[in-house]
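Numbering (the working numbering), first residue to last: 65 to 377.
A quick write-up on the structure given underneath.
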């Protein structure tokens, strides 16, 4: 059996699970593929592919070109980059793994604090032999706006409350009662953007949410506000965000996700002083990677035994 482990940027997969127990030919790919044609060329002949989240896309045409593929394992319980229905028609089993949300919630707060206290500039100043630069802002008494109040949003709200922040939220199906269960006030969408001192995005990417945060929404925000996105890049209109940041119409953005990933080296976001950028590391922790890869090995062993587990429908 030939197994491909994809997009292992840190080259850690082999050390986080017992791949030898499978007695298979395992190859690790540490670099992203340039395009669908590169995917087809590199993965021809592999019976099993282990995909890291949504880093590599598997639409119907790509799956159809992988004639030898029998099992596609995605880390996590869902993967919007895989056409599961097409895989099923082609006789390819798609399985998932365990997942927990708290690492992304923790990174959200790292980004909020970094932006609020201007930590990138302070760190840079210290490395260059300097000292204090600029003034940070405190969070106590400020308004935390949550675009989405699901598993991640509620975790971020709980931490915000510990900081003494007032938490408000909006999503398309959020009720007053559901928000109140978590000590959060449900508000109208425009009110969310207008009131938030920190606006944190925790909704899934879909046709309905793509471009949900555009020029009109950004225009409602306070000039002192911070926008944080650890969900998916295309939820925010990137061109509108760039214009807003260049104009100084909001104080800062803190971003872990982007329209194109990896973010191109010459991307204009990299040159802005009022942006904190991280390379989509919300879920990149040793603990979660151990869950991903150990469960992937279990998935492969179960499939080979004729009893697939964690099958995605």
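Ideal Cβ positions, reconstructed from N, Cα and C, are used throughout, including at glycine.
Keep in mind the model is a prediction, meaning the values are calculated, not measured.
Sequence-distant partners of residue 119 (beyond 5 residues in either direction) whose C-beta falls short of 6 Å from its own C-beta, in its chain, are 71. Residue ranges of uninterrupted alpha helix (DSSP H) with 4 or more members, entirely inside the region 213-275 and ordered along the chain, are 215-226, 240-244, 253-259. The beta-bridge partner set that DSSP reports for residue 66 consists of 89. Nearest to residue 252 by alpha-carbon distance, out of 113, 281, 324, is 281. Under DSSP, residue 209 shares a beta bridge with 232, 263.
Annotated three-state conformation of residue 126 is helix, per DSSP. Residue 135 sits in a strand when the DSSP states are folded into three classes. Exclusion of the five residues before and after residue 284 leaves 254, 257, 258 as the residues of its chain whose Cβ lies within less than 7 Å of its Cβ. Taken through DSSP and simplified to helix, strand or coil, residue 146 comes out as strand.
Counting only runs of at least 3 residues, the region 148-180 fully encloses the following beta strand (DSSP E) elements, listed from N- to C-terminal order: 157-159. Assignment of residue 98 by DSSP, reduced to helix, strand and coil, places it in the coil class. Contact between the region 237-253 and the region 188-200 is absent, with fewer than three C-beta pairs closer than 8 Å. In this structure, residue 167 sits away from residue 340, with a CB-CB distance that is not shorter than 8 Å. Assignment of residue 314 by DSSP, reduced to helix, strand and coil, places it in the coil class.
If you draw a straight line from the Cα of residue 324 to the Cα of residue 298, it is about 9 Å long.
CA-to-CA, the gap between residue 219 and residue 169 works out to about 6 Å. Contact between residue 104 and residue 129 holds, with the beta-carbon distance rounding to 4 Å and staying under 8 Å. For residue 199, the three-state secondary structure derived from DSSP is coil.
The beta carbon of residue 176 sits closer than 8 Å to those of 203, 262, 264, 290, 292, 318, all from its chain and outside the five residues before and after it, given in chain order. Note that the region 154-164 touches the region 360-373; at least 3 beta-carbon pairs, one per stretch, sit closer than 8 Å. Counting C-beta atoms within 10 angstroms of its own C-beta, residue 267 has 16 or more neighbours from the protein chains shown and is therefore classed as buried. Residue 376 sits in coil when the DSSP states are folded into three classes, being neither helix nor strand. Our two residues, residue 141 and residue 347, have alpha carbons roughly 13 Å apart in a direct line. For residue 115, the enclosing beta strand (DSSP E) begins and ends at 112-115.
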